[in-house]
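Student: First, the structure itself, so that you have it in front of you.
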Amino acid sequence: YFVYQFYGEKPHFGGPKVTYVPPPPPDDEQAIFARYQTGTNFDKYDEVVVDVSGLDPPAPLLGFEEANLCEPLNRNIAKAGYSKLTPVQKYSIPIIMAGRDLMACAQTGSGKTAAFLVPVVAQMMRDGVTASSFKEQQEPQCIIVGPTRELINQIFLEARKFVYGTCIRPVVIYGGTQTGYSIRQVMRGCNILCATPGRLLDIIGKEKIGLQSVKYLVLDEADRMLDMGFGLDMKKLVSYPSMPPKDKRQTLMFSATFPEEVQRLAAEFLKTDYLFVVVGHVGGACSDVQQTILQVSQYSKRDKLIEILQSIGHERTIVFVDTKKKADFMAAFFCQEKIPSTSIHGDREQRERERALQDFRCGGCPVLVATTVAARGLDIEKVQHVINFDLPSTIEEYVHRIGRTGRCGNTGKAVSFFDNRTDGRLARPLVKVLSDAQQEVPVWLEEITFGFQTDSIFAPVKNDKK
Ligand code: AMP
């Protein structure tokens, strides 16, 4: 129970049955391919140094046309508005198409999702994969797992773009929705299964999903999927007797952060000749985010926040806090202050979480107060600001949180409140992240690092109840 509470997803042990059935996503072509503009810094991605380690890596691609993709996939890529590859795509696509295992690390918002979806769909098309609903049990060729319900849904929506007009059927299943609904979606035919771990294991246990055809196992936010929150679920997944062993499947891992101890854990899931692609440096923050760290005590945080929000006006902002209660309280407080706000955290019903995200996405509520559930992966247009009202306990979480802005070559701003009493141990890794991203390092922050000699950046400093 503690593990779930700590990491923010809601445990469901007995209690009232979940009946929520999410509304179907719009399925007209325009909605499927809806996208936002790449920013002025998109071309600067090309300047980032890429390092590939491992034996005999295939050469990177220069452009989509070099990949020799089939016609429907090329058409879908064009409709998605992708004309140029990002560095992680240049390297990952040929590696995956060569049948190799991959661990890839690239900054937030730089196109990791397409870096695995495009080559997986390309190979499925080559193999003539088609969906069928006439089966007792569905046997997906690809399973993609991610840590939060909203992120896995986003990956599913991205998958729908690339398979448009083909016979490949992607499905998404996640907790907080009616299990029967997940099963019905799967049984209609399933080639690419996007899933959160709990719901995935549940449906496998109900024998609605067979693993024998899995050729691609993708762990998005892989470091998070392998840490103590989800690591056991992942071990369980690969230990099913029907799951092809690692030399008979391709295992692909993507994240912006990859602590060394997690890299070692990851190696157990990968073939020995896997390749490790690093765009920039492992765990580096997105360089398009202007980072500011302010020294603010607990008691002054609220006034400072209001001051900042008032100066921001109606620009879209995510405010991260450390507890679910605080998220609700602050959203209500902002509304009183005439700042339309909503909240997302692990104690809200799934229906409410999706509504909150929708209100934020469409601009109805320009401020979203969030716990760690919104830290990773979410790709929301026009998020100009991230405010860490409370700093997280790990530097990885910090890098992901500020990565909700500055995506796809757009610029963004992140302001973090640093409280000397609680955040001291984050000082040293913060200084490193700031200087690696060519950001100004406050003198006071550097001074604090002298008082904290520990290098352990993973030990939680606070008992966050997300
Ligand atoms: P991701 O890092 O996968 O969440 O992608 C961040 C954003 O960049 C998403 O909105 C993608 O649709 C977009 N994107 C990814 N690759 C490309 C590309 N090659 N060209 C244009 N946009 C892209």
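Numbering of the sequence shown is given in my numbering, commencing with residue -8 and proceeding in unit increments.
Beta carbons: idealized from backbone N, C-alpha and C, even for Gly.
Between the C-alpha atoms of Gln289 and Lys317, what's the straight-line distance to the nearest angstrom?
Tutor: Along the sequence shown, one-based indexing puts residue 289 at 298. Along the sequence shown, one-based indexing puts residue 317 at 326. Their Cα atoms are separated by approximately 13 angstroms.
Student: Please classify Arg179 as buried or exposed, where buried requires at least 16 other C-beta atoms within 10 Å of its C-beta.
Tutor: Translated into positions along the sequence shown, residue 179 becomes position 188. Arg179 comes out exposed.
Student: By a C-beta neighbour count over all protein chains shown, 10 Å radius and 16 as the cutoff for buried, is Lys457 buried or exposed?
Tutor: In the sequence shown, counting from the first residue as 1, residue 457 sits at position 466. Because Lys457 sits at a pLDDT of 49, beneath the cut-off of 50, its placement in the model cannot be relied upon, and the following sentence gives the value as read from the coordinates. When all chains shown are included, Lys457 counts as buried.
Student: If we count the other Cβ atoms within 10 Å of its Cβ and call it buried at 16 or more, is Lys8 buried or exposed?
Tutor: Indexing the sequence shown from 1 puts residue 8 at position 17. The residue in question, Lys8, is exposed, as its Cβ has fewer than 16 Cβ neighbours within 10 Å.
Student: Would you identify the three-state DSSP class for Gln169, choosing helix, strand or coil?
Tutor: On the sequence shown, position 178 is the one that residue 169 refers to. Reduced to three states, the DSSP call for Gln169 is coil.
Student: Determine whether the beta carbon atoms of Phe107 and Lys75 lie at a separation below 9 angstroms.
Tutor: Taking the first residue of the sequence shown as 1, we reach residue 107 at position 116. Taking the first residue of the sequence shown as 1, we reach residue 75 at position 84. Against a cut-off of 9 angstroms, the Cβ pair of Lys75 and Phe107 comes out as no contact.
Student: Please tell me whether, using a cut-off of 8 angstroms, the distance from the CB of Tyr82 to the nearest non-hydrogen atom of the ligand AMP is below it.
Tutor: Residue numbering aside, residue 82 sits at position 91 when the sequence shown is read from its first letter. Incorrect: Tyr82 has no Cβ contact closer than 8 angstroms to the ligand AMP.
Student: So, for Leu192: in the same chain, excluding its five sequence neighbours on each side, which residues have a beta-carbon less than 8 angstroms away from its beta-carbon?
Tutor: Taking the sequence shown and counting its residues from 1, one reaches residue 192 at position 201. Closer than 8 angstroms at Cβ, skipping near neighbours: Asp224, Lys227, Leu228.
Student: On a Cα-Cα basis, can you pick out the residue from Gly403, Tyr389, Asn401, Thr402 that is closest to Lys423?
Tutor: Taking the first residue of the sequence shown as position 1, residue 423 is located at position 432. When each option's Cα is compared against that of Lys423, the closest is Tyr389.
Student: Can you confirm whether the stretch 87 to 104 touches the stretch 173 to 189 when touching is taken to mean that 3 or more C-beta pairs between the two stretches lie within less than 8 angstroms?
Tutor: no
Student: State the Cα-Cα distance for the pair Glu127 and Pro14, rounded to the nearest angstrom.
Tutor: Locating residue 127 in the sequence shown gives position 136, where the first residue counts as 1. Locating residue 14 in the sequence shown gives position 23, where the first residue counts as 1. Their backbone Cα atoms lie some 26 angstroms apart in a straight line.
Student: What number of angstroms, rounded off, separates the C-alpha of Glu437 from the C-alpha of Asp42?
Tutor: Within the sequence shown, numbered from 1, the residue matching residue 437 stands at position 446. Within the sequence shown, numbered from 1, the residue matching residue 42 stands at position 51. Looking at the two C-alpha atoms, the distance is approximately 29 angstroms.
Student: Looking at the structure shown, is Gly464 part of a helix, part of a strand, or coil, going by DSSP?
Tutor: Any question about residue 464 goes unanswered here, given that the chain covers just -8 to 457.
Student: Using three-state DSSP, classify Lys457 as helix, strand or coil.
Tutor: Taking the sequence shown and counting its residues from 1, the one referred to as residue 457 is at position 466. Reliability of the predicted coordinates at Lys457 is poor, the pLDDT of 49 falling under 50, and the value obtained from them is presented with this limitation in mind. Three-state DSSP puts Lys457 in coil, outside helix and strand.
Student: Alpha carbon to alpha carbon, how far is Val162 from Phe311?
Tutor: Here residue 162 refers to the residue found at position 171 when the sequence shown is read from its first residue. Here residue 311 refers to the residue found at position 320 when the sequence shown is read from its first residue. Roughly 30 angstroms separates the two Cα atoms.
Student: Is the closest heavy atom of the ligand AMP to the C-beta of Cys399 under 8 angstroms?
Tutor: Taking the first residue of the sequence shown as 1, we reach residue 399 at position 408. Yes; taking the cut-off as 8 angstroms, the Cβ of Cys399 has a heavy atom of the ligand AMP nearer than that.
Student: Considering only the beta carbon of each residue, do Val253 and Asp279 sit closer than 9 angstroms?
Tutor: Taking the first residue of the sequence shown as 1, we reach residue 253 at position 262. Taking the first residue of the sequence shown as 1, we reach residue 279 at position 288. In this structure, Asp279 does not lie closer than 9 angstroms to Val253 by Cβ.
Student: Say yes only if the C-beta of Gly100 is nearer than 8 angstroms to one or more non-hydrogen atoms of the ligand AMP, and no if none qualify.
Tutor: The residue you call residue 100 lines up with position 109 of the sequence shown. Gly100: yes, Cβ under 8 angstroms from the ligand AMP.
Student: Hey, could you find the ends of the beta strand (DSSP E) Ala428 is sitting in?
Tutor: Residue numbering aside, residue 428 sits at position 437 when the sequence shown is read from its first letter. Ala428 -> no beta strand (DSSP E), and no H or E assigned at all.
Student: Helix, strand or coil: how does DSSP classify Asn59 here?
Tutor: Residue mapping note: residue 59 aligns to position 68 of the sequence shown, counting from 1. It is coil, neither helix nor strand.
Student: Over what stretch of residues does the alpha helix (DSSP H) that includes Cys96 continue unbroken?
Tutor: By 1-based counting over the sequence shown, the position of residue 96 is 105. Counting along the chain, no alpha helix (DSSP H) covers Cys96; the unbroken beta strand (DSSP E) around it starts and ends at 93 to 96.
Student: According to DSSP, which residues form a beta bridge with Ala405?
Tutor: Reading the sequence shown from its first residue, position 414 is the one you call residue 405. According to DSSP, Ala405 bridges with Gln282, Val377.
Student: Given 8 angstroms as the limit, is there contact between the stretch 388 to 403 and the stretch 317 to 333, that is, 3 or more CB pairs closer than that?
Tutor: no
Student: By the DSSP assignment, the beta strand (DSSP E) with Met321 in it spans what residues?
Tutor: Taking the first residue of the sequence shown as 1, we reach residue 321 at position 330. Premise fails: Met321 lies in the alpha helix (DSSP H), 315 to 327, not in any beta strand (DSSP E).
Student: For Gly442, tell me which candidate among Ala105, Ile299, Asp414 has the shortest Cα-Cα distance.
Tutor: For the purposes of this step, residue 442 is taken as residue 451 along the sequence shown, with counting starting at 1. It is Asp414 whose Cα lies nearest to the Cα of Gly442.
Student: Following the continuous beta strand (DSSP E) through Gln241, name the residue where it begins and the one where it ends.
Tutor: As a working note, residue 241 is residue 250 in the sequence shown. Looking at the DSSP string, the run of the beta strand (DSSP E) that includes Gln241 is 241 to 246.
Student: Tell me whether Tyr(-2) sits in a helix, a strand or coil according to DSSP, three-state version.
Tutor: Reading the sequence shown from its first residue, position 7 is the one you call residue -2. Residue confidence for Tyr(-2) is low, a pLDDT of 44 falling below 50, so the modelled location carries little weight and cannot support an answer.
Student: What three-state label does DSSP hand Pro161 in the structure shown?
Tutor: The residue labelled residue 161 in the question sits at position 170 within the sequence shown. Strand.
Student: Return the Cβ separation of Gly209 and Leu243 in integer angstroms, given the expectation that the two are a contact with Cβ distance under 8 angstroms.
Tutor: Along the sequence shown, read from residue 1 onward, the residue named residue 209 stands at position 218. Along the sequence shown, read from residue 1 onward, the residue named residue 243 stands at position 252. Correcting the residue identity first, residue 209 is Val in this sequence and not Gly. Going by Cβ atoms, the distance from Val209 to Leu243 rounds to 5 angstroms, so yes, they are a contact pair.
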